[in-house]
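In my numbering, the protein residues as written are 4 to 157.
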Ligand code: 4NP
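Quick look at the structure:
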């Protein structure tokens, strides 16, 4: 079982979208029994909330339904998950500073898996408009497919 945790700041836009897209790809390939997939945030401000309405609306326009409720990342995640994947450089730095020495998780940068798009990060869409949410979905579809290929080869 490969355990994958997606991380962003609030866990109401990018990482629950990444979790949903990645799970969809895993199911499409019939690999449900080989992967555990979750998401979490670096802040607990939205704990217990469903994903942002705008993110859910754009997700549904692409056939995705986000059911995740926001939760903050915790120390135990670094020993439970094999891969913890941040959406931007700030996420990566925060995760690296939280990681207990010797824990199992490998911290990865989501943007490093992009194949069809050139972008340094998966940018936060929270303070922007519709285009930002569409862009996040396009980036995450690209990066999730390539991440799944990579993990299947590992
Ligand atoms: P996310 O977006 O990190 O993609 O979930 C954000 C959601 C909420 C906030 C920031 C970013 N916030 O500051 O409340």
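Here a beta-carbon is modelled for each residue, glycine too, at the ideal position from N, C-alpha and C.
Check: Tell whether a beta-carbon distance below 7 Å holds between residue 19 and residue 42.; Outcome: yes
Check: Which class does residue 122 belong to by DSSP, given the choice of helix, strand or coil?; Outcome: coil
Check: According to DSSP, is residue 132 part of a helix, a strand, or is it coil?; Outcome: coil
Check: Can you look up residue 29 in the DSSP assignment and give me helix, strand or coil?; Outcome: helix
Check: Can you give me the C-alpha to C-alpha distance between residue 45 and residue 17, rounded to a whole angstrom?; Outcome: 12 Å
Check: Pull up the CB-CB distance for residue 69 and residue 23, whole angstroms please, since I reckon it's below 8 Å.; Outcome: 5 Å
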